[in-house]
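One structure is given here, and the rest of the page talks about it.
Numbering (our numbering), first residue to last: 119 to 481.
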């Protein structure tokens, strides 16, 4: 719980060895597997964590251990989230929620709603994510769990961030940051600091953004959370790109890719988008197009339709800037279909702006 996963792993491995000779109950073995799998997941060993969790599925009996079965479903859902397999994550989290609605206490129920909210957020289904977070927050306040309430407020701030309400997001994130510092919660503090870096980046306040990004990277290294580390490194790369430091931004891309490869993490669309922007700036349109296509494939795999639309919009802007009008028009048409099919009303303004850019630059 303190984020000291290496020490936790040492004790989990000792417990495993003891359990092999002690012939534990099914419930005891399941509880240890869930704990051990959670540690492996937080250390970035996703394949090992998944194998350990899946090996327990056949041993579960929902009639005798509904709470532990729900815990196992949560673990499988979180692993799927880190692997960018959002449909699978939603399936596991929904099953866990159904179990807890029948058997769980309010504390367990609020956790289920918060996990479900994260999965909805990964698919950019903001209203569903917001509703799940609000339900979780009400439960947290009802039972007086200040730490969990702060986590939910940080999740709500992330939704404001994704919808472009940057000042509103910063206000809430700074409140959460102060509370996490009081609680000495480094894991929560790292996440909100990374989101603050992104918010300041979007407002073009690059010095503040860089300070937060560097702090987020240091904390992610301390708590050994590779997924958060990659995310923070890529944010710093975006900041350096905006500052015109292309060589540094490229180095961040390489650093992030090494981490993704060594941990077995799923490919991140943010990595390919940043790489594509760097290639376009370096007048390497072929390499840029390859990178953007890989970003598109990541979004398709995750069924992240809004992220896919944003990626194609950015690609279209880059293509138009590079005098590739036909490709820009084709990408814009694809974005308009995505927006219509998925009710992505938040992107309408960007679409209008791109139409205006095309009108100002007739062939």
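By construction, the Cβ of each residue, glycine as well, lies at the ideal position given by its N, Cα and C atoms.
Nothing here was measured: the structure is a model prediction, and the numbers come from that model.
Residues of the same chain with a CB within less than 6 Å of the CB of residue 480, apart from the 5 flanking positions on each side, do not exist.
Distance from the CA of residue 453 to the CA of residue 423, rounded to the nearest whole angstrom, comes to 10 Å. DSSP places residue 417 inside the alpha helix (DSSP H), whose first and last residues are 403-420. Fully enclosed alpha helix (DSSP H) runs of no fewer than 4 residues occupy 324-341, 344-360 and 364-381 of the stretch 315-381, in order along the chain. Residue 127 sits away from residue 165, with the two beta carbons spaced by 9 Å or more.
Residue 392 sits close to residue 356, with the two beta carbons spaced by under 9 Å. Within 10 angstroms of the beta-carbon of residue 322 lie fewer than 16 other beta-carbons, which makes it exposed. Taking 9 Å as the cut-off, the beta carbon of residue 214 is found no closer than this to the beta carbon of residue 179.
Only residues of its own chain outside the window of five on either side were considered, and among them 167, 193, 196, 197 and 200 have a CB closer than 8 Å to the CB of residue 159, listed in chain order. At a Cβ-Cβ threshold of 9 Å, residue 450 and residue 465 do not count as neighbours. Straight across, the Cα-Cα distance linking residue 332 with residue 348 is about 12 Å. In this structure, the straight-line span from the alpha carbon of residue 334 to that of residue 129 is close to 28 Å. By the Cβ test, the stretch 217-226 is not in contact with the stretch 425-443, since fewer than three Cβ pairs between them sit closer than 8 Å.
The three-state secondary structure of residue 163, taken from DSSP, is coil. Note that the C-beta distance between residue 394 and residue 367 is not below 9 Å. Here residue 277 has 239, 244, 247 and 248 as same chain residues with Cβ atoms under 7 Å from its own Cβ, once five neighbours each way along the sequence are excluded. Assigned with DSSP and collapsed to three states, residue 452 falls in helix. Residue state for residue 470 is assigned as helix, using DSSP reduced to three classes.
C-alpha of residue 258 to C-alpha of residue 236: approximately 16 Å in a straight line. In the assembly as shown, residue 295 is a buried residue. Its beta-carbon has 16 or more other beta-carbons within 10 Å. In this structure residue 313 is in contact with residue 275, their Cβ atoms being roughly 7 Å apart against a cut-off of 8 Å. With contact defined as three or more Cβ pairs closer than 8 Å, the stretch 304-319 and the stretch 337-345 are in contact.
In this structure, 231 is the residue among 231, 396, 209 and 329 with its C-alpha nearest to the C-alpha of residue 252.
Linking residue 272 to residue 364 through their CA atoms gives a straight-line distance of about 31 Å.
Residue 436: member of the alpha helix (DSSP H) spanning 423-439, first to last residue. CA-to-CA, the gap between residue 135 and residue 383 works out to about 28 Å.
Residue 261 and residue 228 have their C-alpha atoms roughly 10 Å apart. Looking at the backbone, the Cα of residue 205 and that of residue 212 are separated by about 11 Å. The alpha-carbon of residue 315 is positioned some 24 Å away from that of residue 264. The Cβ atoms of residue 151 and residue 173 lie closer than 9 Å to each other. Counting along the chain, residue 192 sits inside the alpha helix (DSSP H) bounded by residues 184-200. In the structure shown, the three-state DSSP call for residue 178 is coil.
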